[in-house]
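Okay, structure first, notes after.
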Ligand SMILES: [Zn+2]
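Numbering (full-length UniProt numbering), first residue to last: 1 to 338.
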């Protein structure tokens, strides 16, 4: 019996050497190692052998099986490699270029804005998108039931009443940052903000703001206007800026900042409603009450703050007419910014 097993092994080794195709190899494999193959046939006779002959045969059979299996695997790999080399593969064919991504226009704008303000010595800050109404409203001088809360249509978190919400502006970062820092403070804090509004070409429920806050001794309105001027010129080139008084609860005085119309150079056109000016953002000197909420002495320090509506700027920059395109995920839109 031992001799028969060894004979089968040697015969199979030499047969594998002479096999000419993968199919032939497969047939040989089944005839030797298959469920009804020759090895299985030999093993089926084991139980009928006298005990002294049987000893060690099981181990031998297993070793033989392993060795044959290895030989078959090697032969199979050889055939498969050959097949690959015989295909029409032509290494001189041009390859398929992978598609290369690029920054979303909003991300690209943020990157440039961060670079600009960093060059003026501002630090990057951030705060949570899910906020408490305390940080989003109260500490920014917008008490409960104050009519100015109507300025911000708010998403409240379910079952939290009016205490937990999606921040309606990036301004809560002012309070949170000042909890851990003392003036002088110069920060820029970009991030997502949320408003509960119906969407149209000019309105979106989710958008991006950049909060800018400077608190130091001797900060004046002229510093605010100068900073904004420099920023607008960095983004849009040669433009002029003008300010108009406007009420915002967390600043005093509060301002609306206009920029000379990019399309008509200030001569008047339909986009600027023939005024020559485009309304850009709200700004102002930090309200003394807000300074106190930040534990900053309003008699020693003053500051300015403004919030940049990023999508609005990018729309002006590229002539985009619908704010909803930014989050549409539409590649035809996005690919134009590569
Ligand atoms: Zn115009």
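Beta carbons: idealized from backbone N, C-alpha and C, even for Gly.
Asked	Found
Touching by the beta-carbon criterion (3+ pairs, under 8 angstroms), the region 241-260 and the region 283-296	yes
Candidates 117, 79 and 66, of which the one nearest residue 234 by Cα	117
Proximity of residue 257 and residue 281 at Cβ, strictly below 7 angstroms	yes
Every unbroken alpha helix (DSSP H) within the region 162-213, with a cutoff of 4 residues, ordered by chain	172-180
The region 88-108 touching the region 43-57, judged by at least three CB pairs closer than 8 angstroms	no
Enclosing beta strand (DSSP E) for residue 253 [first to last residue]	251-260
Residue 239: CB within 6 angstroms of a non-hydrogen atom of ligand 1	no
As assigned by DSSP and simplified to three states, the class of residue 47	helix
Residue from 147, 211, 198 and 161 whose Cα sits closest to the Cα of residue 174	211
Where residue 216 falls: helix, strand or coil (DSSP)	strand
In DSSP terms, what residue 308 is bridged to	210
Residue 4 vs residue 42 beta-carbon contact at 7 angstroms	yes
The region 258-266 contacting the region 134-154, beta-carbon criterion three pairs below 8 angstroms	no
Residue range of the beta strand (DSSP E) that includes residue 241	241-245
Close beta carbons around residue 154, own chain, < 7 angstroms, minus the five adjacent residues each side	165, 168 and 196
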